[in-house]
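Trainee: One structure coming up, written as structure tokens, with questions to follow.
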Amino acid sequence: MCSCILFSICPVYAFAAENQKERVVRIGVPDDTYDKINGNGKRSGYGYEYLQKIAGYTGWNYEYVDCT
């Protein structure tokens, strides 16, 4: 009986997680880091790639803010 109740509730939580609002995280990027921006404005480098890997797990989108 308890397992029937448990299994009927679990899909509701999974469905609710998929409908969460997209989260934007601001990242401050100093000029003197290992991250690079090419002529087209595309970012690259260890820090950028690391954050993109994290975003793949969390679903976050990043807004990069240049710091001086």
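Using this note's numbering, the letters of the sequence shown correspond one by one to residues 149 to 216. All C-beta atoms in this analysis are idealised placements derived from N, C-alpha and C, irrespective of residue type, glycine included.
Check the DSSP bridge columns for R174 and list the partner residues they point to.
Mentor: E211, per the DSSP bridge assignment.
Trainee: Please classify D183 as buried or exposed, where buried requires at least 16 neighbouring CB atoms within 10 angstroms.
Mentor: By the neighbour-count rule (16 or more Cβ atoms within 10 Å), D183 is buried.
Trainee: Determine the extent of the alpha helix (DSSP H) in which G189 is found, giving its start and end residues.
Mentor: Here G189 belongs to no alpha helix (DSSP H), and DSSP marks it neither H nor E.
Trainee: Which residue from K201, G189, G207 puts its Cα closest to that of R171?
Mentor: G207
Trainee: Can you look up T206 in the DSSP assignment and give me helix, strand or coil?
Mentor: helix
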